[in-house]
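Q: Numbering (the numbering used here), first residue to last: -4 to 448.
Just so it is clear, CB atoms sit at the ideal spot from N, CA and C, and this is done for glycine as well.
Computed from a predicted structure; not experimentally measured.
Questions regarding the structure given below will be posed in turn.
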Ligand SMILES: Cc1cc2nc3c(=O)[nH]c(=O)nc-3n(C[C@H](O)[C@H](O)[C@H](O)COP(=O)(O)OP(=O)(O)OC[C@H]3O[C@@H](n4cnc5c(N)ncnc54)[C@H](O)[C@@H]3O)c2cc1C
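Shown next, in the form of structure tokens:
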């Protein structure tokens, strides 16, 4: 009997790879160093809050217009538990008030002049600047560039800094001025590649989605994203071994040997779905240049504090999904998700559940603070922004080194990694959020693609 495929890393990417291999009838062993599966998808109770359910500690939803997670949910029998967030509006905290995000937009980039002129977020000078740029023909984008380099000239600095950066930079706790547009905002890269007017290209994208009667932009799972991890874990059964860190790889005459916990596991192939620096250490003896590229990928550090308090103790009616905070406002918080308004499954009728994030690649203040200090600062910022009045229960979840920062040319560097492995270490495949996208659909896509090679 041939050796199994060994998948290293039990986050969503590794789980999707292992699940796909099982569907193909292949023998699989999945190794996860932590005591639980799921990696950056996790949930748990908010101690002391009296909620009758667990609350997600990181990802609470996923893009539905990319079909991978929705499709996987259907395969796993979770199709009837797919839910959409409330279609309610989102806000930006700016100059002492919450201001509605202008619509329509594509990935946070508005394209209609009227919506910007009507917005209380953008000054009349900013709106005039936007109007002068958004319809102007531009040369098609060739190759990759930063989101900032492409969009600042086309929407103006004010719209970019107040709207685009909080949304697009915020997704990976980074800076839109340094983010690869090809990987960090593929839809916008497509529009920029078309050349001509950005307004026309984005309008065409929105019209196409409307014509296709596309459903909600985002989905979640009733009860929380961790339900997906539970279902994948059940499908893998004892093929998944937790508390088992892969320590080193050894080449054999017919494949690879993975050393984990002092034991050797022979593998026909190895799929590495671990964070970049872990993967780099494992492959360095066989593919040193690929390892150096992986080791060079930087990560953002984020912290998520879940506050729970009775709704009556917040002045704001929380009608919406939450708000974002541009870096110019100087707050520690980068975003506040009104989870009990956004998701019906988090609304018990009595409590407000607020998931507040902090941390950017260029704002590392929280790393030098105590957890109590972070909670106190964010609580005070909730007093200012939404009129919190009282002492909420708080749960702190730090996510250090959690969000890969994609720089222009990242996808080319991924292709170089693949090429070096194919040449020097056949049978090793590198995948995961640090390669071709950090959203759950991108992770599932990559994991399944790795399983198919
Ligand atoms: C705060 C936060 C909020 C987010 N929100 C969203 C969202 O709303 N929607 C969305 O789509 N995405 C979101 N993301 C992004 C998404 O959750 C992640 O990009 C994705 O879960 C990463 O999956 P992964 O499997 O590639 O990596 P990971 O989840 O990091 O999995 C890697 C696994 O490898 C394991 N490991 C490490 N070393 C070893 C070893 N030596 N041997 C064995 N195992 C090892 C780790 O323990 C880990 O379980 C969010 C991320 C964060 C941090």
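Give the DSSP-derived three-state secondary structure of residue 357 in the structure shown.
A: Correct three-state label for residue 357: coil.
Q: According to the neighbour-count rule (16 or more other Cβ atoms, all chains shown, within 10 Å of its Cβ), is residue 69 buried or exposed?
A: With fewer than 16 Cβ atoms within 10 Å of its Cβ, residue 69 is classed as exposed.
Q: Just to confirm, does residue 28 get its C-beta within under 8 Å of one of the non-hydrogen atoms of ligand 1?
A: Correct: residue 28 has its Cβ closer than 8 Å to ligand 1.
Q: Taking C-beta to C-beta, are residue 193 and residue 129 nearer than 9 Å?
A: Contact: yes.
Q: Give me the Cβ distance between residue 96 and residue 158, rounded to the nearest whole Å; I'm assuming they're in contact under 8 Å.
A: Right, the Cβ-Cβ distance comes to about 7 Å (below 8 Å), so this counts as a contact.
Q: Tell me whether residue 402 sits in a helix, a strand or coil according to DSSP, three-state version.
A: Three-state result, residue 402: coil.
Q: Would you say residue 438 touches ligand 1, meaning its beta carbon is less than 8 Å from a heavy atom?
A: It does: the Cβ of residue 438 is within 8 Å (strictly closer) of some heavy atom of ligand 1.
Q: Taking the CB atoms as reference points, tell me whether residue 417 and residue 0 lie closer together than 9 Å.
A: Going by C-beta atoms, residue 417 is not nearer than 9 Å to residue 0.
Q: Is any heavy atom of ligand 1 found at a distance shorter than 8 Å from the C-beta of residue 391?
A: No, the beta carbon of residue 391 sits no closer than 8 Å to any heavy atom of ligand 1.
Q: Got a sec? Which residues, its chain only, sit under 6 Å from residue 236 by beta carbon, not counting five neighbours each side?
A: Cβ within range, chain order: 26.
Q: Within 8 Å: the Cβ of residue 495 and any heavy atom of ligand 1?
A: Here the chain covers residues -4 to 448 and nothing more, so residue 495 does not appear.
Q: Is residue 272 helix, strand or coil when you go by DSSP?
A: Residue state, collapsed to three classes: helix.
Q: Quick test of the definition: if touching needs 3 or more C-beta pairs under 8 Å, does the region 405 to 425 touch the region 272 to 279?
A: Yes, the region 405 to 425 touches the region 272 to 279.
Q: Would you say residue 101 and residue 200 are within 9 Å of each other, going by their C-beta atoms?
A: Result yes, Cβ atoms of residue 101 and residue 200 sit closer than 9 Å.
Q: Using 8 Å for Cβ pairs, my map puts residue 175 next to residue 294. What's the rounded Cβ distance?
A: Not a contact, Cβ separation roughly 15 Å.
Q: Assign residue 386 to one of two classes, buried (16 or more other C-beta atoms within 10 Å of its C-beta) or exposed (fewer than that).
A: With fewer than 16 other Cβ atoms within 10 Å, it is exposed.
Q: If you draw a straight line from the alpha carbon of residue 177 to that of residue 369, how long is it in whole angstroms?
A: Cα to Cα, residue 177 sits roughly 34 Å from residue 369.
Q: Starting from residue 258, trace the beta strand (DSSP E) in both directions and tell me its first and last residue.
A: Run containing residue 258: 258 to 262, per the beta strand (DSSP E) assignment.
Q: Starting from residue 119 and walking both ways along the alpha helix (DSSP H), at which residues does that stretch end?
A: Start and end: 119 to 129.
Q: Please determine if the region 300 to 318 and the region 339 to 349 are in contact, where contact requires at least 3 C-beta pairs separated by less than 8 Å.
A: Counting Cβ pairs under 8 Å, three or more are found: they touch.
Q: Taking the alpha-carbon of residue 54 as reference, which of 441, 435, 64 and 290 has the nearest alpha-carbon?
A: Answer by Cα proximity: 435.
Q: Would the region 148 to 155 and the region 282 to 291 be scored as touching if the rule is three or more Cβ pairs under 8 Å?
A: Taking 8 Å as the limit for Cβ pairs, the verdict is that the region 282 to 291 does not touch the region 148 to 155.
Q: Here's a check: name, in chain order, each residue in its chain whose Cβ is nearer than 7 Å to the Cβ of residue 140, leaving out the five neighbours to either side.
A: Once the five neighbours on either side are set aside, the close Cβ partners of residue 140 are 176 and 403.
Q: Three-state secondary structure (DSSP) at residue 421?
A: The answer is coil: DSSP assigns residue 421 none of H, G, I, E or B.
Q: Helix, strand or coil for residue 54, going by three-state DSSP, please let me know.
A: The answer is coil: DSSP assigns residue 54 none of H, G, I, E or B.
Q: Among 189, 198, 57 and 49, which residue has its Cα nearest to the Cα of residue 108?
A: Checking every option, the nearest Cα to that of residue 108 belongs to 198.
Q: Using only alpha-carbon positions, find the residue among 24, 28, 61 and 47 that is nearest to residue 437.
A: Checking every option, the nearest Cα to that of residue 437 belongs to 61.
Q: Taking 8 Å as the cut-off, is the C-beta of residue 229 nearer than that to any heavy atom in ligand 1?
A: For ligand 1, not one heavy atom lies less than 8 Å from the Cβ of residue 229.
Q: Taking DSSP as the reference, what is the three-state secondary structure of residue 241?
A: Correct three-state label for residue 241: strand.
Q: Counting C-beta neighbours from all protein chains within 10 Å, is the total for residue 72 16 or more, i.e. buried, or is it exposed?
A: The residue is exposed, with fewer than 16 neighbouring Cβ atoms inside 10 Å.
Q: Who are the Cβ neighbours of residue 30 in its own chain at under 6 Å, not counting the five residues just before and after it?
A: For residue 30, where only same-chain residues beyond five positions count, the Cβ hits under 6 Å are 237 and 238.
Q: For the alpha helix (DSSP H) containing residue 170, name the first residue and the last one.
A: Where residue 170 is concerned, there is no enclosing alpha helix (DSSP H), given that its DSSP letter is neither H nor E.
Q: For the beta strand (DSSP E) containing residue 296, list its first residue and its last residue.
A: Residues 294 to 305.
Q: What do you reckon, are the CB atoms on residue 57 and residue 219 nearer than 9 Å?
A: Cβ atoms of residue 57 and residue 219: not closer than 9 Å.
Q: Hey, residue 339 and residue 81: beta-carbon distance below 9 Å or not?
A: Contact flag set, yes.
Q: According to DSSP, what are the bridge partners of residue 220?
A: Answer by DSSP bridge pairing: none, since residue 220 is not bridged.
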